[in-house]
Amino acid sequence: MQIITDKNNFITLVSYGGIIPGGIELDEFEFVEDIQAYKYQNGKISLDKEKLAALKNEQRQAVEVQKLKKFLSETDNQVLQMLEEKELGLNTQRTRDEHLQLIRQRVEVRTKIQKLEVQDD
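In this note's numbering, the protein residues as written are 75 to 195.
The following block contains the structure:
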């Protein structure tokens with residue numbers, strides 16, 4: 075097995091058969107968590123629990139952002155349809171209050187996305 079580490083000695087890549095240029099040759103090791111949470115020091119691999127918690131938090135945030143963006147995507151057509159109907163002077167499928175509620179929800183969702191994405195930086 076060969077590994078590559080970053081400048082802080084966290085594992086970034088593992089190869090179980092191929093040769094990695096600049097890789098560190100090690101005995102087989104069973105990774106039960108995200109490999110990026112493991113650190114290589116003094117010839118040994120150890121799990122860094124703080125790094126693991128940070129990685130899991132990033133993953134949770136990414137899933138949340140994905141769900142929020144899906145909501146925006148799913149409601150784009152509703153907003154566009156309402157604007158088109160209004161502009162053409164047609165009867166709209168939603169009341170003005172329903173439309174405003176949807177727009178408020180979308181603004182809240184975009185704000186949540188921005189906050190979550192700033193936390194990742």
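Even glycine gets a Cβ: it sits at the ideal position worked out from N, Cα and C.
**OP:** Using a threshold of 8 Å, state whether the C-beta atoms of Ile78 and Phe103 are closer than that.
**Re:** no
Subject >> Reference Tyr114, options Leu126, Ile98 and Lys123, closest by Cα >> reply: Ile98
Original post:
Leu190 and Val153 look like a contact to me (Cβ under 8 Å); what is the Cβ gap, rounded to whole Å?
Top reply: Going by Cβ atoms, the distance from Leu190 to Val153 rounds to 22 Å, so no, they are not a contact pair.
Subject >> Neighbourhood of Asp150 by C-beta, 8 Å cutoff - its chain only, sequence neighbours within 5 removed >> reply: none
Original post:
Does the Cβ of Tyr112 have 16 or more other Cβ atoms within 10 Å, making it buried, or fewer, making it exposed?
Top reply: buried
Original post:
For the alpha helix (DSSP H) that contains Thr149, what are its first and last residues?
Top reply: Lys123 to Glu161
Original post:
Among the residues of its own chain, which have a CB less than 7 Å from the CB of Val183, if the five just before and after it don't count?
Top reply: Leu142, Phe145 and Leu146
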